[in-house]
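Chemist: For the record, the sequence lines run as chains A, B and C.
Under this note's numbering, residue 187 is the last one in the first sequence; the count climbs by one each step, no gaps.
Under this note's numbering, residue 187 is the last one in the second sequence; the count climbs by one each step, no gaps.
Under this note's numbering, residue 187 is the last one in the third sequence; the count climbs by one each step, no gaps.
Just so you know, even glycine gets a beta-carbon here, dropped at the ideal spot from N, CA and C.
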Amino acid sequence: MPDLCIPQASSFTLPRKKVFVMFWHQVNLKLPPHQRGFHLVTAAVCEALPEISQLTHGLLHVFIQHTSASLSINENADPDVAEDLEMAFNAIAPEDLPYIHTMEGPDDMPAHVKASMLGSNLSIPVRDGRLALGTWQGIYLCEHRNRATARSLVLTLLGETGA
Amino acid sequence: MPDLCIPQASSFTLPRKKVFVMFWHQVNLKLPPHQRGFHLVTAAVCEALPEISQLTHGLLHVFIQHTSASLSINENADPDVAEDLEMAFNAIAPEDLPYIHTMEGPDDMPAHVKASMLGSNLSIPVRDGRLALGTWQGIYLCEHRNRATARSLVLTLLGETGA
Amino acid sequence: MPDLCIPQASSFTLPRKKVFVMFWHQVNLKLPPHQRGFHLVTAAVCEALPEISQLTHGLLHVFIQHTSASLSINENADPDVAEDLEMAFNAIAPEDLPYIHTMEGPDDMPAHVKASMLGSNLSIPVRDGRLALGTWQGIYLCEHRNRATARSLVLTLLGETGA
């Protein structure tokens, strides 16, 4: 049998629960220019959203409004990982492919390729007032340009606060 | 100290705010067949969701119900970028790897690889009745098959309308 | 004209609709150790969330709390696809790049690269009590380590139940 989502018995009913209050919050976060490479920004993101501490559960959505930088979740401890990620993605999306769009330099088009490969948006569960990240997970700003400017993020928090 | 999400002082309390009305909407969007490559579909997505204009803030979720096409956010201005993205992802996921699953032709399995690499789902913040995309960002349908059929998207809009 | 999201006529107003009840649910799902490769887990995810059957529409968010395994959506039928995906991502993120972070073995750093490339989070629309996946789509656990341990997922379900 293929691996499918089989609906459960229709006799299932939602448990009664206490009343929750739905919460939405949206803020901009401007990150200062970072040099080309992978940079942990978990603390910066959380400091911009003290409201996280008030949610019993929910989701944090992080969006970067640029096409030559991206967001990722990866190891938060060993700085060598950040360096190796930069090296590996340079090898995977090299500057010497026969690109047409080269006016802004050899790092321009590879930056767009990496942005699509890594992605512009992340979402992370929130539970008991904290991001439900794994022990070793952190949020990375992936800067793909040699001469980067500040980068604008839009942070959207949605969830429930206790009754 | 590692880069962690430290909960803020527990004295923080949520600000009182005016009453918001939670809003959900979900529609199908059938995109006609596109030739292999990267195609901007931002306007098509927004035209299918006039409800965006009524949200003070929220999220748009876009999902493609196929495994040989994908979704991405990238540069919306220079058509050379779309052409270069197609060239680069063909170089990164080439047709001449020793694939087993080849019944549907040499473009079949690389299409699945690109679909996993680029992703089937996107989410974009909504603010003040518009998608909060950056100036140069657009939504791409990434068509990975040589002879493509129409592609089905599921658009889910959630957010708050003014009190 | 560039491909933009043009706001619709401001005369558009949201249709009146019946009262909906907002629903949130969050659970942990522990997946037992899987061997290195791509493994379908759609049924396991759905079995952990019988609440899906009660939602008229919504979103399922799936998050993996690890940095050397990832999540993806791809073909759910032919087991050759899973084998080819493993082969292809090994070719794209090879073990013989000049990595610094190699203490845990040659599969360690390529696992981090694949985790960023494939992603730690997925979201899938829910409609009429089912995941709105395409006919051929399934959820994959992508295990990138040679000696894997159990993997922790956080499943977040949000949506509306009928009035």
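1. Check the Cβ-Cβ distances between Q78 of chain C and every residue of chain B, and say whether any is below 9 Å.
2. What does a CB cutoff of less than 6 Å around L53 of chain A pick up in its chain, not counting 5 residues either side in sequence?
3. Skipping 5 residues on each side, what residues in its chain have a beta carbon closer than 7 Å to that of V137 of chain B?
4. So the candidates are B:P56, B:F47, B:F113; which of them puts its Cα closest to the Cα of P134 of chain B?
5. For a contact meaning CB atoms closer than 7 Å, what does G143 of chain B contact in chain A?
6. Counting only C-beta atoms, is F113 of chain C closer than 9 Å to chain B at any point?
7. To the nearest angstrom, how far is it from the Cα of K42 of chain A to the Cα of T185 of chain A?
8. In the region 54–71 of chain B, which residues sit with their C-beta less than 7 Å from some C-beta in chain C, listed in chain order?
9. Is it buried or exposed, M127 of chain C, if we count other Cβ atoms within 10 angstroms and call 16 or more buried?
10. Name the residue from A:C70, A:D27, A:M46 whose alpha carbon lies nearest to the alpha carbon of L148 of chain A.
11. What residues match up with G143 of chain A in a beta bridge as DSSP calls it?
12. When the distance is taken between beta carbons, is L181 of chain C closer than 9 Å to T66 of chain C?
13. To the nearest angstrom, how far is the alpha carbon of I76 of chain B from that of L64 of chain C?
14. Suppose contacts are defined by Cβ-Cβ distances below 9 Å. Is P7 of chain C in contact with A172 of chain C by that definition?
15. Along the chain, where does the alpha helix (DSSP H) that runs through L95 of chain C open and close?
16. Looking at N145 of chain A and H85 of chain A, is the spacing between their C-beta atoms short of 9 Å?
17. Determine whether the Cβ of I97 of chain B lies closer than 9 Å to any Cβ atom of chain C.
18. Look at L157 of chain C and Q89 of chain B and say whether their C-beta atoms are less than 9 Å apart.
19. If you follow the alpha helix (DSSP H) that N114 of chain B is part of, which residue opens it and which one closes it?
20. Terminal residues of the continuous beta strand (DSSP E) containing E184 of chain C?
21. Does the beta carbon of A117 of chain A come closer than 9 Å to any beta carbon on chain B?
22. If distances are taken between C-alpha atoms only, which option among B:D132, B:Q78, B:Q50, B:E110 comes closest to F87 of chain B?
23. Using the DSSP secondary-structure output, state which residues sit across from G61 of chain A in a beta bridge.
24. Per DSSP, what kind of secondary structure is H90 of chain B in: helix, strand or coil?
25. Along the beta strand (DSSP E) that carries W48 of chain B, what are the first and last residues, could you check?
26. List the whole-angstrom C-beta distance separating L79 of chain B from G153 of chain B, where the pair is believed to meet the contact cut-off of C-beta under 8 Å.
27. What first and last residue would you give for the alpha helix (DSSP H) that runs through E71 of chain B?
28. Name the chain C residues that come within less than 9 Å of H81 of chain A, Cβ to Cβ?
29. Within 10 Å of its beta-carbon, does T159 of chain C have 16 or more other beta-carbons around it, so buried, or fewer, so exposed?
30. What in chain A is Cβ-close to Q89 of chain B, meaning under 8 Å?
31. I'd like the list of long-range same chain contacts for L121 of chain B, defined as Cβ closer than 8 Å, with 5 residues on each side in sequence excluded.
32. Check the Cβ of L109 of chain B against every Cβ in chain A and list those closer than 7 Å, keeping chain order.
33. Between the region 144–172 of chain B and chain A, which residues of the former have a C-beta closer than 7 Å to a C-beta of the latter?
34. Between A93 of chain B and the rest of its own chain, which residues show a CB-CB distance below 8 Å, the 5 nearest in sequence each way excluded?
35. Alpha carbon to alpha carbon, how far is V150 of chain A from I124 of chain A?
36. Going by DSSP in three states, H136 of chain C sits in which element: helix, strand or coil?
Modeler: The answer reads as follows:
1. Within the third sequence, the letter at position 54 stands for residue 78 of chain C. Cβ-Cβ to chain B under 9 Å: no for Q78 of chain C.
2. What you label residue 53 of chain A is simply residue 29 of the first sequence in a count that begins at 1. The residues are A72, L177, L179.
3. Along the second sequence, one-based indexing puts residue 137 of chain B at 113. So the qualifying residues of the chain are A117.
4. On the second sequence, position 110 is the one that residue 134 of chain B refers to. Closest by alpha carbon: B:F113.
5. Sequence index remark: in the second sequence, residue 143 of chain B carries index 119 (1-based). Neighbourhood of G143 of chain B in chain A, by CB distance below 7 Å: G143, in chain order.
6. Locating residue 113 of chain C in the third sequence gives position 89, where the first residue counts as 1. With its beta carbon less than 9 Å from one in chain B, F113 of chain C belongs to the interface.
7. Residue mapping note: residue 42 of chain A aligns to position 18 of the first sequence, counting from 1. Residue mapping note: residue 185 of chain A aligns to position 161 of the first sequence, counting from 1. Residue confidence for K42 of chain A is low, a pLDDT of 49 falling below 50, so the modelled location carries little weight; the figure read from the coordinates is stated next. Going from the Cα of K42 of chain A to the Cα of T185 of chain A covers about 11 Å.
8. Listed in sequence order: L64, T66, A67, C70.
9. Here residue 127 of chain C refers to the residue found at position 103 of the third sequence. Exposed.
10. For the purposes of this step, residue 148 of chain A is taken as residue 124 along the first sequence, with counting starting at 1. Note that residue 148 of chain A is Ile in the sequence shown, not Leu. Looking at the Cα atoms, A:C70 is the closest of the given residues.
11. For the purposes of this step, residue 143 of chain A is identified with residue 119 of the first sequence, where counting begins at 1. G143 of chain A is not bridged to any residue.
12. Translated into positions along the third sequence, residue 66 of chain C becomes position 42. Translated into positions along the third sequence, residue 181 of chain C becomes position 157. No, the Cβ-Cβ distance between T66 of chain C and L181 of chain C is not below 9 Å.
13. Translated into positions along the second sequence, residue 76 of chain B becomes position 52. Translated into positions along the third sequence, residue 64 of chain C becomes position 40. The alpha-carbon atoms of I76 of chain B and L64 of chain C are separated by roughly 35 Å.
14. There is no way to answer for residue 7 of chain C, as the model of chain C reaches only from 25 to 187.
15. One-based indexing of the third sequence puts residue 95 of chain C at position 71. No alpha helix (DSSP H) holds L95 of chain C; the beta strand (DSSP E) holding it covers 93–99.
16. To locate residue 85 of chain A, count along the first sequence from 1; it is residue 61. To locate residue 145 of chain A, count along the first sequence from 1; it is residue 121. In this structure, N145 of chain A lies closer than 9 Å to H85 of chain A by Cβ.
17. Taking the first residue of the second sequence as position 1, residue 97 of chain B is located at position 73. No Cβ of chain C is located within less than 9 Å of the beta carbon of I97 of chain B.
18. Looking up residue 157 of chain C in the third sequence gives position 133. Looking up residue 89 of chain B in the second sequence gives position 65. Yes; because the gap between Cβ atoms is below 9 Å, this pair is in contact.
19. Taking the first residue of the second sequence as position 1, residue 114 of chain B is located at position 90. 103–116 is the extent of the alpha helix (DSSP H) around N114 of chain B.
20. As a first step, residue 184 of chain C is located in the third sequence; it is residue number 160 there, counting from the start. Looking at the DSSP string, the run of the beta strand (DSSP E) that includes E184 of chain C is 175–185.
21. In the first sequence, residue 117 of chain A corresponds to position 93, counting from 1. Judged by the 9 Å Cβ criterion, A117 of chain A is in contact with chain B.
22. Mapped onto the second sequence, residue 87 of chain B falls at position 63. The candidate whose alpha carbon is nearest that of F87 of chain B is B:Q50.
23. Along the first sequence, one-based indexing puts residue 61 of chain A at 37. Per DSSP, the beta-bridge partners of G61 of chain A are A:E167.
24. Indexing the second sequence from 1 puts residue 90 of chain B at position 66. Secondary structure of H90 of chain B (DSSP, three-state): coil.
25. The residue labelled residue 48 of chain B in the question sits at position 24 within the second sequence. Residues 45–55.
26. To locate residue 79 of chain B, count along the second sequence from 1; it is residue 55. To locate residue 153 of chain B, count along the second sequence from 1; it is residue 129. The pair is a contact, with the Cβ atoms about 6 Å apart (cut-off 8 Å).
27. For the purposes of this step, residue 71 of chain B is taken as the residue at position 47 of the second sequence. 66–71 is the span of the alpha helix (DSSP H), which, as asked, contains E71 of chain B.
28. Along the first sequence, read from residue 1 onward, the residue named residue 81 of chain A stands at position 57. Near H81 of chain A (Cβ distances below 9 Å), the residues of chain C are W48, H49, Q50, T180.
29. Locating residue 159 of chain C in the third sequence gives position 135, where the first residue counts as 1. Label assigned to T159 of chain C: exposed.
30. As a working note, residue 89 of chain B is residue 65 in the second sequence. Annotation: Q89 of chain B has no Cβ neighbours in chain A at a cutoff of 8 Å; minimum Cβ distance is about 13 Å.
31. Numbered from 1 along the second sequence, position 97 holds the residue referred to as residue 121 of chain B. Here the set comprises M133, P134.
32. Translated into positions along the second sequence, residue 109 of chain B becomes position 85. In chain order: H136, V137, S140.
33. Within the region 144–172 of chain B, the residues whose Cβ lies closer than 7 Å to any Cβ of chain A are, in chain order, L146, S147, I148, P149, R151, A156, L157, G158, W160, Q161.
34. Position 69 of the second sequence holds residue 93 of chain B. So the qualifying residues of the chain are A135, A139, L165, C166, E167, H168, R169, A172, R175.
35. If you number the first sequence from 1, residue 150 of chain A lands on position 126. If you number the first sequence from 1, residue 124 of chain A lands on position 100. Taking the straight line from one Cα to the other gives about 43 Å.
36. In the third sequence, the residue the question calls residue 136 of chain C occupies position 112. In the three-state DSSP reduction, H136 of chain C falls in the helix class (H, G or I).
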